[in-house]
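Taking it in order: structure first as structure tokens, then the write-up.
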Amino acid sequence: MRSEAELLSLAGKARERAYCRYSNFSVGAALLCDDGTVYQGCNIENASFGAGICAERAAFSAAVSDGRRDFSAIAIVGGDAEKVGFPDKQCPPCGICRQFMSELCRGDFRIILGTPRSCSVYRLDELLPHGFDLEDKHGEN
253 MRSEAELLSL AGKARERAYC RYSNFSVGAA LLCDDGTVYQ GCNIENASFG
303 AGICAERAAF SAAVSDGRRD FSAIAIVGGD AEKVGFPDKQ CPPCGICRQF
353 MSELCRGDFR IILGTPRSCS VYRLDELLPH GFDLEDKHGE N
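In this note's numbering, the protein residues as written are 253 to 393.
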């Protein structure tokens, strides 16, 4: 099993490849599959802002395109692209990425956020307690 520190390091390396000429905010992600395989992703912006993709979804897209559906964790690192190394603040996934993860992962899927001084681990169901689900009973308890 890969350690949280190793996943954060891989996310940091992916962050170096980000294409973020509009926001100057680079993000890298390292997605861990149940068998230890890791897929990396970085954010890729576009002049048509809605056409960009977040690092987390880029990593999931690579994994799903490779036939994977067995995910256990993702590490995310993001911050000012001008600053080399790890940012000082943690970078939680945006709402779209949280919903994207909920489609492909269990509630106990781990989301690892880190800086040089701290590491936090959340479960997906903590960060998105009431995600949209077409199979939901539409409000029935």
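Ideal Cβ placement from N, Cα and C applies to all residues, glycine included.
>> Between F361 and S324, how many whole angstroms is the CB-CB distance? I'm expecting something under 8 Å.
In response: Here residue 361 refers to the residue found at position 109 of the sequence shown. Here residue 324 refers to the residue found at position 72 of the sequence shown. About 7 Å separates the two Cβ atoms, so the contact holds.
> Of the residues P381, F277, L379 and N298, which one's Cα is nearest the Cα of V336?
Replying inline: Translated into the one-based positions of the sequence shown, residue 336 becomes position 84. For the residues P381, F277, L379 and N298, the minimum Cα distance to V336 belongs to F277.
> Do you know offhand how far A314's Cα is from G293's?
Replying inline: Walking along the sequence shown from the start, residue 314 turns up at place 62. Walking along the sequence shown from the start, residue 293 turns up at place 41. Cα to Cα, the separation comes out at about 8 Å.
> By Cβ distance, which residues of its chain are closer than 6 Å to S370, with the 5 residues on each side in sequence left out?
Replying inline: Within the sequence shown, residue 370 is the residue found at index 118, counting from 1. If we look at S370 and ignore the five residues flanking it on each side, it has no Cβ neighbours.
> Hey, out of D377, F384 and G366, whose CA is closest to E256's CA?
Replying inline: Numbered from its first residue, the sequence shown carries residue 256 at position 4. Among D377, F384 and G366, the Cα nearest to that of E256 is on G366.
>> Please give me, in chain order, every unbroken run of the alpha helix (DSSP H) with length at least 4 that falls completely inside the region 283-316.
In response: none
> Any idea if R309 is buried or exposed, counting beta-carbon neighbours within 10 angstroms, 16 or more meaning buried?
Replying inline: As a first step, residue 309 is located in the sequence shown; it is residue number 57 there, counting from the start. By the neighbour-count rule (16 or more Cβ atoms within 10 Å), R309 is buried.
> Quick one: is P381 buried, meaning 16 or more other Cβ sit within 10 Å of its Cβ, or exposed?
Replying inline: What you label residue 381 is simply residue 129 of the sequence shown in a count that begins at 1. P381 is exposed by the Cβ-count criterion.
> With burial defined as no fewer than 16 other Cβ atoms inside 10 Å of the residue's Cβ, what is the status of Y291: buried or exposed?
Replying inline: To locate residue 291, count along the sequence shown from 1; it is residue 39. Around the C-beta of Y291, 16 or more other C-beta atoms lie within 10 Å, and the residue is accordingly described as buried.
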